[in-house]
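There are 2 protein chains.
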Amino acid sequence: MALDITEVAKRSGVPASTLRFYEEKGLIVSVGRRGLRRLFDPRVLERLALIALGRAAGFSLDEIGRMFAPDGRPRIDRRVLASKAEELDRTIQKLSAVRDGLQHAAVCPAPSHMECPTFRRLLRGAASGTIGAPGNKLASGRREPEYSKSAKPGKAPRFRRRNKNNRGKP
Amino acid sequence: MALDITEVAKRSGVPASTLRFYEEKGLIVSVGRRGLRRLFDPRVLERLALIALGRAAGFSLDEIGRMFAPDGRPRIDRRVLASKAEELDRTIQKLSAVRDGLQHAAVCPAPSHMECPTFRRLLRGAASGTIGAPGNKLASGRREPEYSKSAKPGKAPRFRRRNKNNRGKP
DNA sequence: GTGCCACTTCAAGTCAACTTGAGGTCAAGG
DNA sequence: CCTTGACCTCAAGTTGACTTGAAGTGGCAC
Numbered sequence: 004m005a006l007d008i009t010e011v012a013k014r015s016g017v018p019a020s021t022l023r024f025y026e027e028k029g030l031i032v033s034v035g036r037r038g039l040r041r042l043f044d045p046r047v048l049e050r051l052a053l054i055a056l057g058r059a060a061g062f063s064l065d066e067i068g069r070m071f072a073p074d075g076r077p078r079i080d081r082r083v084l085a086s087k088a089e090e091l092d093r094t095i096q097k098l099s100a101v102r103d104g105l106q107h108a109a110v111c112p113a114p115s116h117m118e119c120p121t122f123r124r125l126l127r128g129a130a131s132g133t134i135g136a137p138g139n140k141l142a143s144g145r146r147e148p149e150y151s152k153s154a155k156p157g158k159a160p161r162f163r164r165r166n167k168n169n170r171g172k173p
Numbered sequence: 004m005a006l007d008i009t010e011v012a013k014r015s016g017v018p019a020s021t022l023r024f025y026e027e028k029g030l031i032v033s034v035g036r037r038g039l040r041r042l043f044d045p046r047v048l049e050r051l052a053l054i055a056l057g058r059a060a061g062f063s064l065d066e067i068g069r070m071f072a073p074d075g076r077p078r079i080d081r082r083v084l085a086s087k088a089e090e091l092d093r094t095i096q097k098l099s100a101v102r103d104g105l106q107h108a109a110v111c112p113a114p115s116h117m118e119c120p121t122f123r124r125l126l127r128g129a130a131s132g133t134i135g136a137p138g139n140k141l142a143s144g145r146r147e148p149e150y151s152k153s154a155k156p157g158k159a160p161r162f163r164r165r166n167k168n169n170r171g172k173p
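Quick mapping for you: the protein sequence lines, in order, are chains C and S. Residue numbers for the first sequence follow our numbering, beginning at 4 and rising by one. Residue numbers for the second sequence follow our numbering, beginning at 4 and rising by one.
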């Protein structure tokens with residue numbers, strides 16, 4: 004009944020090294036060994052799907068880990084889901100704006116992009132931090148850098164860009 | 004006329020350390036110094052906006068760097084823009100699906116998410132790799148890991164998940 | 001003229017999510 | 001019984017985009 008690690012890897016598409024890594028992180032558990040070889044309960048596949056989904060939604064592995072009750076059953080706070088959905092939605096808005104701008108710029112007849120009003124508008128959007136780069140901060144819970152040392156608390160903290168990712172209330 | 008680095012930081016919202024970093028990477032140039040202190044042409048602000056936009060669109064700093072002609076003027080290939088826009092669009096599709104699933108799960112009356120058909124469908128999507136996690140690979144040009152050593156070419160390469168991010172032609 | 005402090009440089013650290021490498025072990029096949 | 005290959009462990013490396021720390025410097029206010 005139990006699947007060995009290669010079987011899980013094959014069926015889930017998740018590399019064995021990642022499975023070991025996930026186990027170490029407590030995201031999945033193996034139910035035993037055959038020799039050295041890990042064995043997993045087939046339900047690990049569902050668990051992995053859940054993890055993939057969480058990642059797709061922008062949760063970090065740690066966040067995902069916290070979504071499983073100590074007994075292993077997923078106990079996902081609906082408020083967390085809702086707020087992540089909202090966050091995701093804001094991200095989608097921004098990306099859509101960028102996509103539209105890109106699309107326009109791609110066909111825009113202006114000799115240089117700099118002369119295209121649409122492009123310039125997009126640029127202002129990006130400049131004013133309404134957009135925020137994707138990649139590592141896109142939909143993920145992102146720590147603010149500290150700046151506690153270099154920017155002393157008394158010293159007009161208006162320096163640092165606020166809400167790069169629309170973190171505060173709009 | 005020239006702005007010193009703090010002025011640029013203040014106006015652009017980009018920390019001075021990042022400005023130095025960008026200069027080192029060749030993304031911006033300083034036009035001189037006052038003492039040690041860098042001075043920038045005001046147009047650096049537009050350049051920074053362009054960089055922010057590029058990041059928002061999912062370009063890496065290196066890609067962005069390549070978008071500036073050696074003379075410094077942006078010379079952005081429209082085909083690149085179009086393809087990035089497409090990529091972005093695919094990303095948006097996926098994120099939208101996830102968002103909808105999340106939204107549903109947040110209000111779904113099923114006692115456990117596992118009993119909600121919508122949630123399970125979403126899960127299958129995530130499992131089959133149709134979704135792909137955001138974060139660092141979301142809209143960015145992402146190198147495929149190598150696997151040349153551990154998975155020898157003769158050995159049924161069906162092991163590794165293909166197109167986690169819909170990389171091949173649809 | 002002299003002190004301060006914000007700047008400078010350069011090297012190294014951080015973060016997340018994995019991957020890779022070296023060296024070890026073991027079940028199974030011949 | 002012995003080889004072999006696939007797994008094991010543990011430590012270290014990777015990637016991108018920065019940040020941070022230590023040690024140095026110089027313009028400007030006094």
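The beta-carbon is built from N, C-alpha and C at its ideal position, and this holds for glycine as well.
- Considering only C/69, C/21, C/6, the residue with the shortest C-alpha distance to residue 83 of chain C is C/69.
- When C-beta distances to chain S are compared with 7 angstroms, the residues of the region 53 to 67 of chain C below that value are 53, 55, 56, 58, 59, 60, 61, in chain order.
- For residue 102 of chain S, the closest Cβ of chain C is nearer than 8 angstroms.
- Boundaries for residue 46 of chain S: no alpha helix (DSSP H) harbours it, and the DSSP string shows neither H nor E there.
- Contact note: residue 87 of chain C reaches chain S through 105, using a C-beta cutoff of 8 angstroms and chain order.
- For residue 79 of chain S, the closest Cβ of chain C is nearer than 8 angstroms.
- If you ignore the 5 residues before and after residue 113 of chain S, its C-beta comes within less than 7 angstroms of the C-beta of 119, all in its own chain and listed in chain order.
- With contacts defined by Cβ atoms closer than 8 angstroms, residue 34 of chain C and residue 42 of chain C form a contacting pair.
- At a cut-off of 8 angstroms between beta carbons, residue 8 of chain S makes no contact with chain C.
- With contacts defined as CB atoms closer than 8 angstroms, residue 126 of chain C and residue 98 of chain S fail to qualify as a contacting pair.
- Chain order gives the chain S residues near residue 92 of chain C as 102, where near means a beta carbon separation below 7 angstroms.
- Counting of Cβ neighbours within 10 angstroms places residue 72 of chain C among the exposed residues, the total staying below 16.
- DSSP, read as helix, strand or coil, puts residue 103 of chain S in helix.
- Distance check between residue 90 of chain S and each of C/58, C/107, C/102 places C/102 closest, using alpha-carbon atoms only.
- For residue 25 of chain C, same chain residues with a beta-carbon under 6 angstroms away, outside a window of 5 residues either side, are 31 in chain order.
- Any Cβ of chain C closer than 8 angstroms to the Cβ of residue 108 of chain S would place that residue at the interface, and such an atom is present.
- Any Cβ of chain S closer than 8 angstroms to the Cβ of residue 129 of chain C would place that residue at the interface, and such an atom is present.
- For residue 125 of chain S, the chain C residues whose C-beta falls within less than 8 angstroms of its own C-beta are 56, listed in chain order.
- Residue environment analysis places residue 39 of chain C among the exposed positions, since fewer than 16 neighbouring C-beta atoms fall within 10 angstroms of its C-beta.
- In the displayed model, residue 7 of chain S falls within a strand according to three-state DSSP.
- Along the region 22 to 39 of chain C, none of the residues has a CB nearer than 9 angstroms to a CB of chain S.
- In this model, residue 56 of chain C and residue 123 of chain S are separated by some 11 angstroms (Cα to Cα).
- Restricting attention to S/49, S/76, S/88, S/116, the CA atom closest to the CA of residue 62 of chain S is found in S/88.
- For residue 70 of chain C, the nearest beta carbon of chain S is not closer than 8 angstroms to its own beta carbon.
- Nearest C-alpha to residue 50 of chain S among S/67, S/36, S/37, S/60: S/67.
- In this structure residue 110 of chain C is exposed. Its beta-carbon is surrounded by fewer than 16 other beta-carbon atoms within 10 angstroms.
- Remark: C-beta atoms of residue 108 of chain S and residue 116 of chain S approach each other more closely than 8 angstroms.
- Listed along the chain, the chain S residues whose CB falls inside 7 angstroms of the CB of residue 84 of chain C are 105, 108, 109.
- The DSSP-derived three-state label of residue 61 of chain S is coil.
- For residue 128 of chain S, the enclosing alpha helix (DSSP H) covers residues 120 to 130.
- Counted as a single uninterrupted DSSP element, the beta strand (DSSP E) harbouring residue 37 of chain C occupies residues 35 to 37.
- Counting only the Cα atoms, residue 19 of chain S lies some 6 angstroms from residue 8 of chain S.
- Buried is the label assigned to residue 58 of chain S, since at least 16 other Cβ atoms lie within 10 Å of its Cβ.
- The C-alpha of residue 131 of chain C lies about 11 angstroms from the C-alpha of residue 48 of chain S.
- Residue 106 of chain S and residue 94 of chain S have their alpha carbons spaced roughly 18 angstroms apart.
- According to DSSP, residue pairing for residue 71 of chain S in a beta bridge involves S/77.
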